[in-house]
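Notes follow once the structure below has been shown.
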Amino acid sequence: MFGEVIDFNFEYNDKPEPGSVLVSEPFLADDYFSRSVIFLCDHHDEGSFGFVLNKFVDNDVNDFVQDFPETGSKVSLGGPVDTSNLFYIHDLGDEIPNSVPSSKGLFIGGDFKALTALLREQPEKAKHIRFFIGYSGWDKGQLRKELREKSWIVLNDVSKERILDALDEDIWKNMMEKLGGKFKVMSQFPLNPSDN
């Protein structure tokens, strides 16, 4: 009589692994994680960590680091843990010594002096790096619990180019729309349902 009933169960079949992306459910009531997209750098039985991709601070990296090349690189608020430190991911591999491999050809951190020298000589490489203040971390079993509570869906087919794209501030909405069906409908929900 009223058309098709849509199942708004916030669930998807991918399982978390290093390189996964977590997409928060539309009404997650948390300052850091409301409508957030997180790149999961590491995930194992003892815990998980990653960086929020779509929450930005008003400063670029030069406001946090003295004598850093003027790249105009935006800085994301990576999460509520260790917010006094600057972190970064990149796809430059051995060009930045001591980088830690993650997944999808992405690396975590590395020798910051080497990074600075590289960007001073080749500023165009800045598009291969994402900077974060703080990170998101889960203790043993915590992420599994949040997934059971349907706080997140897990996507395993997100490209490294998408993860490194600091210009897509609407990545949460764009990913929800790309999933189609009920997720596309959910992407249109107001943050506060009473605003509808």
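Following this note's numbering, the numbering of the sequence shown begins with -5 at its first residue and continues without gaps. Beta carbons are placed, not taken as given, at the ideal position from N, Cα and C, and that holds for glycine.
Nearest-angstrom Cα separation, counted from residue j out to residue i
i	j	result
F43	F125	15 Å
E64	K134	40 Å
R138	D61	42 Å
E118	S130	28 Å
K121	L113	10 Å
L109	W132	28 Å
F183	R156	24 Å
E143	E115	48 Å
Q136	H38	11 Å
A160	D57	17 Å
G87	D36	17 Å
D24	A111	38 Å
Chain-order list of residues whose beta-carbon lies under 6 Å from that of residue i (same chain, five-residue window excluded)
i	result
K154	D85, K98, G99, L100
A177	The sequence shown places Phe at residue 177, rather than the Ala named in the question. For F177, where only same-chain residues beyond five positions count, the Cβ hits under 6 Å are M170.
G13	S97, K98
L158	R124
Option nearest residue i by Cα separation, candidates the options
i	options	result
E19	L34, E140, K119	E140
K9	K167, E40, V148, F177	V148
G89	I123, V31, K172, M169	Note on identity: in this sequence residue 89 is Glu, with Gly being the wrong assignment. When each option's Cα is compared against that of E89, the closest is I123.
S96	F183, E115, V15	V15
L22	L112, W146, F58	W146
L173	L112, E143, N150, E163	N150
E40	L109, E11, V55	E11
L34	V152, S181, L161, D159	V152
M180	E143, R29, D24	R29
DSSP three-state assignment for residue i, whether helix, strand or coil
i	result
T77	strand
L173	helix
I83	strand
Nonlocal neighbours in the same chain, by C-beta distance under 7 Å from residue i, ignoring five residues either side
i	result
M(-5)	With a pLDDT of only 42 at M(-5), under the threshold of 50, the placement of this residue in the model should not be trusted; the figure read from the coordinates follows. Result list for M(-5): empty, nothing under 7 Å.
I127	V51, V69, L71, G72, T77, L80
G103	F81, Y82, S93, V94
F27	S18
P91	G104, D105, A108
V75	G128, Y129, S130, G131
V59	L80
G175	none
8 Å Cβ shell around residue i - same chain, five flanking residues per side excluded
i	result
V31	V15, L16, V17, S18, V46, L47, N48, I165, W166, M169
D54	T65, G66, S67, K68, V69
E163	N48, F50
Closer than 8 Å to chain C by CB, residue i
i	result
D8	Looking at the structure shown, chain C is missing, and only one protein chain is on hand.
Beta strand (DSSP E) runs contained entirely in the stretch 1 to 67, provided each spans 3 or more residues = 15 to 18, 31 to 38, 41 to 46, 50 to 54
Which residue spans inside the stretch 93 to 160 form an unbroken alpha helix (DSSP H) run of at least 4?
-> 106 to 115, 136 to 142, 154 to 158
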